[in-house]
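Participant: The structure that follows is given in the form of structure tokens.
Numbering (this note's numbering), first residue to last: 848 to 942.
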């Protein structure tokens, strides 16, 4: 870690700090725009939370390799076929 450095090093530190703060300010503005957009569509009756959840799932799925998908499918089938686990899950879902 650089605590004391040459003017050149400190210039790089300041440059980095300015750039990261600028990006954080841009992100803050984008987050504000996203909240506004969600509110606008929510007022129109759109289930924005559900749509966002679906989009996040699709985005995560795009990151998976074919091997990951196959492994997940096989494991899901085996867990779904296990009666004890299914009974336990049913117990969790009862009110």
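Even glycine gets a Cβ: it sits at the ideal position worked out from N, Cα and C.
May I ask which residues mark the beginning and end of the alpha helix (DSSP H) holding residue 886?
Facilitator: Unbroken alpha helix (DSSP H) run through residue 886: 854 to 890.
Participant: Just the Cα atoms here: how many angstroms apart are residue 932 and residue 889?
Facilitator: Approximately 37 angstroms, taken between the alpha carbons.
Participant: Whole angstroms is fine: what's the gap from residue 880's alpha carbon to residue 864's?
Facilitator: If you take the alpha carbons of residue 880 and residue 864, they lie about 24 angstroms apart.
Participant: Quick check: what's the CA-CA separation for residue 870 versus residue 938?
Facilitator: C-alpha separation (whole angstroms): 47 angstroms.
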